[in-house]
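Asks: Mind having a look at this structure? Questions to follow.
Number of protein chains: 2
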Amino acid sequence: MVRRRRMVRNYDPQRPVPEPVLQRLLDLAIRAPSAGFSQGWGFLVLTEPADRDRFWSATAQPGQPPDAWLTGMRRAPAIVVAHGNRDIYLDRYAAEDKGWTDRDEARWPVPYWYIDAGFASLLILLGAVDSELGACFFGIPPERIPDYRAAFEVPGAYTPIGAVSLGYPAPDRRSPSLRRGRRPVAEVVHRGRWAG
Amino acid sequence: MVRRRRMVRNYDPQRPVPEPVLQRLLDLAIRAPSAGFSQGWGFLVLTEPADRDRFWSATAQPGQPPDAWLTGMRRAPAIVVAHGNRDIYLDRYAAEDKGWTDRDEARWPVPYWYIDAGFASLLILLGAVDSELGACFFGIPPERIPDYRAAFEVPGAYTPIGAVSLGYPAPDRRSPSLRRGRRPVAEVVHRGRWAG
Numbered sequence: 001m002v003r004r005r006r007m008v009r010n011y012d013p014q015r016p017v018p019e020p021v022l023q024r025l026l027d028l029a030i031r032a033p034s035a036g037f038s039q040g041w042g043f044l045v046l047t048e049p050a051d052r053d054r055f056w057s058a059t060a061q062p063g064q065p066p067d068a069w070l071t072g073m074r075r076a077p078a079i080v081v082a083h084g085n086r087d088i089y090l091d092r093y094a095a096e097d098k099g100w101t102d103r104d105e106a107r108w109p110v111p112y113w114y115i116d117a118g119f120a121s122l123l124i125l126l127g128a129v130d131s132e133l134g135a136c137f138f139g140i141p142p143e144r145i146p147d148y149r150a151a152f153e154v155p156g157a158y159t160p161i162g163a164v165s166l167g168y169p170a171p172d173r174r175s176p177s178l179r180r181g182r183r184p185v186a187e188v189v190h191r192g193r194w195a196g
Numbered sequence: 001m002v003r004r005r006r007m008v009r010n011y012d013p014q015r016p017v018p019e020p021v022l023q024r025l026l027d028l029a030i031r032a033p034s035a036g037f038s039q040g041w042g043f044l045v046l047t048e049p050a051d052r053d054r055f056w057s058a059t060a061q062p063g064q065p066p067d068a069w070l071t072g073m074r075r076a077p078a079i080v081v082a083h084g085n086r087d088i089y090l091d092r093y094a095a096e097d098k099g100w101t102d103r104d105e106a107r108w109p110v111p112y113w114y115i116d117a118g119f120a121s122l123l124i125l126l127g128a129v130d131s132e133l134g135a136c137f138f139g140i141p142p143e144r145i146p147d148y149r150a151a152f153e154v155p156g157a158y159t160p161i162g163a164v165s166l167g168y169p170a171p172d173r174r175s176p177s178l179r180r181g182r183r184p185v186a187e188v189v190h191r192g193r194w195a196g
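As they're listed, the protein sequences go chains A and B. Heads up: the first sequence at position 89 corresponds to 89 in the numbering used here, and the numbers run straight through without jumps. Heads up: the second sequence at position 168 corresponds to 168 in the numbering used here, and the numbers run straight through without jumps.
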C-alpha cells in the first residue's frame, strides 16, 4: 500500500467517490495518533460541484489561467481539507494529567497540531490506494487562506494544513520532482550517532 | 493495520528488533510523501544499549526518578528519531521548477519539513504493526534538545520532530488519555461548509 501510493493529479470527472468509500477514508483519518489524544483536527469535505468550484476559485492564484496541474486537479470529485487547531492541544495539555497550565507553546518541540492533522491526511492517502482511488495532498497558499476561510466559514482557530483531492485516476503526468530521485536509506539514516 | 495500531509503552528487553525488520521499517519511512519530493528528513537509529542509555539520559527530565512511562520505554531495544530540515525545503523550492528564490518561509502555509518527517514516522508506526512490533511516537522536550543534539552530534539544521521506540510488546498500561474517547467523524467532519 505504501509502495503503491503516488500523488494522482488527474481524475475521471464522471466517477464520483462512492459515499461509503469516502466514509471509510474519514473513519481511517480519525484513527491517526495525536499528542495526548487531543485529536485537534477538523476536516472540510467538498463533493458538490459548486463547493468544489468555490474551493478552487478561493485557493488558486487569481488572474492566472489554469495550468495543466489545476485542470487535472479540478476534475477531482471530492476534496478533503485537513485542519489543525492549536488551542485544542494547549487546552488538552493544561488538563490535570498533563499540567501545562500556562498553555505555553514553547513547551512543544514542534507543532503537533499540524503534524497530527498530517498523520490523518496520510491515512486518507493510504486508504485511497486501498480503495483503488487516486489522491493528491497539496497545500493552500498562505495568501489564499483568508479567502478560503471566508468561502467556507472556517473558524480562525483551524489552520488548513493541506487538502487531499480524491477520485478515480485518469492519465496524468508524472511529477517532474520525481526525477530528482529518492534519497536512499543509507543517505538519510544515521546509526548510533549522526556522523556514524 | 491502522485500526490495530496503538502506542506501546513497554517492551520485552530480551528480544531485539531483527535487523531485516528494522531495515524494512526504514525502507517504508523513506516512501513517505514530501513537498516537492524534498525528502528533507534524517533519522537517527539507536540499537546499542550504550546509545539508548545516552538517549534517555539526554532527553529525560534531569533529577527526576524514572516513572512508569520511562521505565517501560527504556526497555525498547530500538529507537528511531525522526528529524526535519527546513533548509532542504527552502533550497528545493528555490530551484528553477519552483522558483521561490527568496527562500521565504512565509510562502509555506505550515512547516512541511516537520509534517513530512511526521509522515515518515507514521509509516514506521504502521510498519511496526505489520511486523508484530510495538512502537510509540513521542516528542523530545524542547529544553532537552540541545543535550540530545550534543550527545549524538545532530547538526543544528535538523530538528527532532519526535522519536519512535520499537520492540516486541510487553504488558503496559493503556494510556489514560484514551479515556477521553475518540472524537467521532460527525464531530470533526464538515460537509460543504464548516457550519454544515
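Each residue gets a CB set at the ideal place from its N, CA and C atoms; glycine is no exception.
1. Nearest chain E C-beta to A:ALA106 closer than 8 Å, yes or no?
2. Tell me whether the beta-carbon of A:SER38 lies closer than 8 Å to the beta-carbon of A:ARG92.
3. For my contact list, B:GLY40 and B:ASP116 are in at a C-beta cut-off of 8 Å; report their separation, rounded to the angstrom.
4. Which class does B:VAL17 belong to by DSSP, given the choice of helix, strand or coil?
5. Taking the alpha-carbon positions, what's the A:LEU44 to A:PRO171 distance?
6. Pull up the CB-CB distance for A:ARG5 and A:LEU126, whole angstroms please, since I reckon it's below 8 Å.
7. Counting beta carbon pairs with one atom in the stretch 1-18 of chain B and one in the stretch 169-189 of chain A, are three or more of them shorter than 8 Å?
8. So A:MET7 contacts chain B; which residues on that side make the cut at Cβ distance below 8 Å?
9. Under a three-way DSSP split, which group does B:ILE140 fall into?
10. For A:ALA186 and B:ILE145, what's the separation of their Cα atoms in angstroms?
11. Pull up the CB-CB distance for B:PRO77 and B:GLY167, whole angstroms please, since I reckon it's below 8 Å.
12. Quickly, what does DSSP pair A:PRO160 with across the bridge? List them, please.
13. How far does the alpha helix (DSSP H) with A:TRP108 in it extend, from its first residue to its last?
14. Could one say the Cβ of A:ALA128 lies closer than 8 Å to chain B's Cβ atoms, at least one of them?
15. When we look at the beta-carbon of A:ALA50 and count the other beta-carbons within 10 Å, is it buried (16 or more) or exposed?
16. I'd like to know if B:LEU178 contacts chain A, where contact means its C-beta is closer than 8 Å to some C-beta of that chain.
Replies: Quick answer:
1. Among the protein chains in the structure shown, which are A and B, there is no chain E.
2. In this structure, A:ARG92 lies closer than 8 Å to A:SER38 by Cβ.
3. Going by Cβ atoms, the distance from B:GLY40 to B:ASP116 rounds to 7 Å, so yes, they are a contact pair.
4. Correct three-state label for B:VAL17: coil.
5. Between A:LEU44 and A:PRO171, the alpha-carbon positions lie close to 27 Å from each other.
6. With 8 Å as the limit, A:ARG5 and A:LEU126 qualify as a contact, their Cβ atoms being about 6 Å apart.
7. Two segments are said to touch when three or more pairs of C-beta atoms, one from each, lie closer than 8 Å; by this definition the stretch 169-189 of chain A does not touch the stretch 1-18 of chain B.
8. Residues of chain B with a Cβ closer than 8 Å to the Cβ of A:MET7 are, in chain order, PRO33.
9. If DSSP states are grouped into helix, strand and coil, B:ILE140 belongs with coil.
10. It is roughly 24 Å from the alpha-carbon of A:ALA186 to the alpha-carbon of B:ILE145.
11. With a contact defined as Cβ atoms closer than 8 Å, B:PRO77 and B:GLY167 qualify at about 5 Å.
12. Paired residues: A:HIS83.
13. Per DSSP, A:TRP108 lies in no alpha helix (DSSP H) segment and is marked neither H nor E.
14. No, its Cβ sits nowhere closer than 8 Å to a Cβ of chain B.
15. The residue is exposed, with fewer than 16 neighbouring Cβ atoms inside 10 Å.
16. Chain A, which has a Cβ nearer than 8 Å to the Cβ of B:LEU178, makes this yes.
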